[in-house]
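Everything on this sheet refers to the single structure shown next.
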Amino acid sequence: MPELPEVETTARGIAPHLQGRRIERVRVHEPRLRWRVDARLADWTRGQQVLGVRRRAKYILIDLTQGWLLVHLGMSGSLRILPDSTARETHDHFDVELDSRWTLRFNDPRRFGSLHHGEGDPLAHPLLAKLGPEPLEPEFDADYLFSKTRRRRVAVKILIMNSQVVVGVGNIYASEALFRAGIRPGRAAKSLTREECGALVKAIRAVLSMAIRHGGTTLRDYVGAGGEPGYFKQKLFVYERRGEPCRKCGEPVKHRVQGQRATYWCGSCQK
DNA sequence: ATGGGCACCTGGCTGC
DNA sequence: TGCAGCCAGGTGCCCA
């Protein structure tokens with residue numbers, strides 16, 4: 001499900017419920033997530049206080065008095081805040097029970113999500129250490145992207161989805177950003193001019209921040225922190241619009257598979 | 001260093 | 001109605 005805007009929305013949604021609370025206990029019902037959840041996690045977190053909630057790439061980082069929890073939602077995961085530990089449903093894999101009596105509950109049908117814990121600097125964790133810049137931070141600019149694209153023959157869509165180049169650009173927003181920038185997804189990264197890199201940076205920023213403002217793009221099974229279905233996806237120009245008229249020029253939207261993922265673009269608006 | 005492909009899972013939809 | 005086949009928002013890892 002979640003692309004960066006959904007993760008950001010989730011992090012913002014749960015933060016006020018977690019901040020300053022003490023963890024009564026963590027119950028792991030299904031440890032077989034993308035990586036097996038460490039059984040010691042439950043004991044280790046007991047009684048710790050939540051200092052804050054952050055996002056890095058699509059990871060949600062929960063800072064504790066000693067160490068941290070790291071959650072990834074994978075393709076189909078969600079975190080919700082519930083007023084108590086009510087009856088569990090299918091695919092509810094872990095609960096973080098708080099001293100407020102509220103519970104943070106993780107549900108993930110496909111189990112591509114993950115839960116880690118650790119001490120010290122969480123950004124030094126192997127999953128986070130090699131990540132590229134955040135797309136909404138100033139260091140992600142035209143010069144940076146231009147330098148990263150030199151001598152890369154990969155398709156530009158593949159490149160912007162590479163988290164070592166820039167984090168948080170998922171399959172939906174990759175197609176959408178390239179449409180806005182007027183760049184075909186199949187172009188070799190190194191064929192982009194500096195100006196095109198600038199336009200692409202701007203487009204990625206615009207698409208992601210707009211989606212955050214709208215609470216994320218809801219497709220299928222996404223639910224926000226309070227369980228609300230979230231916003232709908234009428235703002236999308238090309239994603240999942242194969243054969244439908246381009247919203248700018250009316251040409252049918254094209255589709256192909258790139259790196260095993262669906263890609264959409266307009267053959268006349270994108271060069 | 002780079003690129004390509006696979007793997008991990010379940011569920012929903014389509015078409016026979 | 002049943003069922004096989006295909007597709008899905010992510011991303012780490014292995015191999016060439």
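Residues 1 to 271, numbered by the numbering used here, are exactly what the first sequence covers, in order.
Ideal placement from N, C-alpha and C gives every residue a C-beta, glycine not left out.
For residue j and residue i, the rounded distance between their alpha carbons
| i | j | result |
| --- | --- | --- |
| Q66 | P83 | 26 angstroms |
| E24 | L4 | 29 angstroms |
| H255 | G118 | 42 angstroms |
| N171 | G259 | 11 angstroms |
| A39 | P135 | 35 angstroms |
| A57 | R36 | 21 angstroms |
| Q48 | L69 | 11 angstroms |
| R22 | L98 | 6 angstroms |
| I14 | L208 | 20 angstroms |
| Y264 | V253 | 7 angstroms |
| K248 | I60 | 36 angstroms |
| G140 | A262 | Sequence inspection shows Phe at residue 140; the Gly mentioned does not correspond to that position. F140 and A262: Cα-Cα distance of roughly 25 angstroms. |
| A142 | V166 | 12 angstroms |
| E6 | A211 | 8 angstroms |
| G243 | L200 | 24 angstroms |
| E196 | H91 | 43 angstroms |
| P16 | H214 | 19 angstroms |
| I204 | G132 | 15 angstroms |
| R32 | P245 | 43 angstroms |
| E8 | I62 | 13 angstroms |
Beta carbon of residue i nearer than 7 angstroms to that of residue j
| i | j | result |
| --- | --- | --- |
| F112 | M75 | yes |
| V238 | F179 | yes |
| R184 | Q270 | yes |
| R322 | R80 | Residue coverage of the chain in this structure runs from 1 to 271, which leaves residue 322 outside it and unanswerable. |
| R34 | S114 | yes |
| E30 | H93 | yes |
Whole-Å CB distance - residue i paired with residue j, under 8 angstroms assumed
| i | j | result |
| --- | --- | --- |
| V53 | G20 | Rounded, the Cβ-Cβ distance is 11 angstroms, inconsistent with contact. |
| D95 | R27 | 5 angstroms |
| K157 | A174 | 5 angstroms |
Residue i, buried or exposed, once every other Cβ within 10 Å from all chains shown has been counted against 16
| i | result |
| --- | --- |
| K130 | exposed |
| D43 | exposed |
| R194 | exposed |
| T103 | buried |
| S147 | exposed |
| L123 | exposed |
| S268 | exposed |
| T10 | buried |
| R187 | buried |
| A87 | exposed |
| E176 | buried |
| P2 | buried |
| Q250 | Contrary to the premise, residue 250 reads as Gly rather than Gln in this sequence. Per the 10 Å Cβ criterion, exposed. |
Practice problem: Please list the segments of the beta strand (DSSP E) lying wholly inside the region 106-185, counting only runs of 3 or more residues, in order along the chain. | Solution: As far as the region 106-185 is concerned, its whole beta strand (DSSP E) runs of at least 3 residues are 114-118.
Taking only runs of the alpha helix (DSSP H) that begin and end inside the region 39-65, which ones reach a length of at least 4 residues, in chain order? Within the region 39-65, the complete alpha helix (DSSP H) segments at least 4 residues long are 41-45, listed from N- to C-terminus.
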